[in-house]
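Working notes for the structure below.
Residue numbers (the numbering used here), protein chains in the order written: chain A, 1 to 189; chain B, 190 to 378.
This is the structure we're talking about:
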């Protein structure tokens, strides 16, 4: 072969996997995955021990971009309250896109139904990271019970993203309004 | 054959399907489904045109029991506020069971990723029925914007059930506390 670039094969496989699992669900088979990625099964199994590992790695690969979209660095100067509300503004913007299918991490957890699956571990970590971001901002902003507020906000985030992804809700300000009510009730500036 | 009871074959198939799809996900194949139900594929295809129709019918069959669990008739004498909070108390009770995997209707919608799938139509109807129950109670209780409040409560219900089902949240009063805050903010008695 003229070129054998393992890094780019890995990237191509994970990008295709991320998109395909998001669009079609985690039950997509190895055949369809490799066909879409333009990667042979042999190449896939040289890089990963199983489809489960591909799924886990594709979710991990997507995480920095996912977090940057919801929590931009540029907002570090904003108040804790603004930073929390910004997450919901970004969620609503993302949910308005025609390809939106909800949060990929919650979807993976719902579909896999197995907290010990390697991809569930990645997804659970993504969710825990986001909750910790909200909890830390709630604490900075003087919320009475930062952990409770963060749990409430995660419930709103996940419920809204699942419902919007399933096309049974059009957010249109719903999560920003709801988060504002919860921030106010928590006594947060 | 000694007995050919189509009704009981149908019931057995749908009960097994409902349990299996809930526990393992909607991607379970026809082989596993028929094996678990103790029904031949031939019998299945005499009753239903496709696995999709079995899934839709199993969700529809489960709906009356699901609704009765969350919204008992016996509570008709309670206030609208009590009836709303009772839904969340029941959700928390259900979510504490070890076999809990979240709301079966939301899970089907998340997994199928197709609002036009016959099972998505059933699931969407279940969700719309619950939202209408909450909206009607919100209106009776004098909420400022009954539709907004019902949408907020559905987001809390679905977010909490998905997170508890995925084992990334232990509700422990979380949804009752959150619903109370939202009812108060909506000016509901």
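Each residue gets a CB set at the ideal place from its N, CA and C atoms; glycine is no exception.
No experiment lies behind these values; they were computed from the predicted model shown.
| query | result |
| --- | --- |
| Contact list for the segment 346-377 of chain B against chain A, Cβ threshold 8 Å | 346, 347, 348, 349, 351, 352, 354, 355, 356, 357, 358, 363, 364, 366, 367, 370, 371, 373 and 374 |
| Contact residues within the segment 109-127 of chain A, judged by C-beta distance below 7 Å to chain B | 109, 110, 111, 113, 115, 124 and 127 |
| Beta carbon of residue 312(B) nearer than 7 Å to that of residue 244(B) | no |
| Beta-carbon proximity check, residue 168(A) vs residue 316(B), cutoff 7 Å | yes |
| The segment 40-57 of chain A contacting the segment 84-98 of chain A, beta-carbon criterion three pairs below 8 Å | no |
| Under 8 Å (Cβ pairs) to chain B, residues found in the segment 7-27 of chain A | 23, 24, 25 and 27 |
| 7 Å Cβ cutoff, residue 87(A) in contact with chain B | no |
| CB contact below 7 Å: residue 344(B) versus chain A | yes |
| Option nearest residue 350(B) by Cα separation, candidates 207(B), 202(B), 306(B) and 285(B) | 285(B) |
| Beta-carbon proximity list for residue 147(A), same chain, < 7 Å, skipping 5 on both sides | 135 |
| Chain A within 7 Å of residue 340(B), Cβ atoms only | yes |
| Rounded distance between the beta-carbons of residue 364(B) and residue 345(B), thought under 8 Å | 6 Å |
| Proximity test, Cβ basis, 7 Å: residue 290(B) and chain A | yes |
| Minimum Cβ-Cβ distance from residue 327(B) to chain A less than 7 Å | no |
| From 269(B), 216(B) and 255(B), residue whose alpha carbon lies closest to that of residue 318(B) | 255(B) |
| Host alpha helix (DSSP H) of residue 105(A) (start-end) | 104-112 |
| Contact with chain B by residue 45(A), beta-carbon distance below 7 Å | no |
| Any C-beta of chain A under 7 Å from that of residue 296(B) | yes |
| Range of the contiguous alpha helix (DSSP H) that encloses residue 146(A) | 146-165 |
| Inter-residue Cα distance where the pair is residue 341(B) and residue 10(A) | 42 Å |
| For residue 363(B), three-class secondary structure by DSSP | helix |
| Pairwise C-alpha distance: residue 64(A) and residue 105(A) | 13 Å |
| Test item: CB-CB of residue 37(A) and residue 16(A) under 7 Å | yes |
| Span separating the alpha-carbon of residue 247(B) from that of residue 296(B) | 14 Å |
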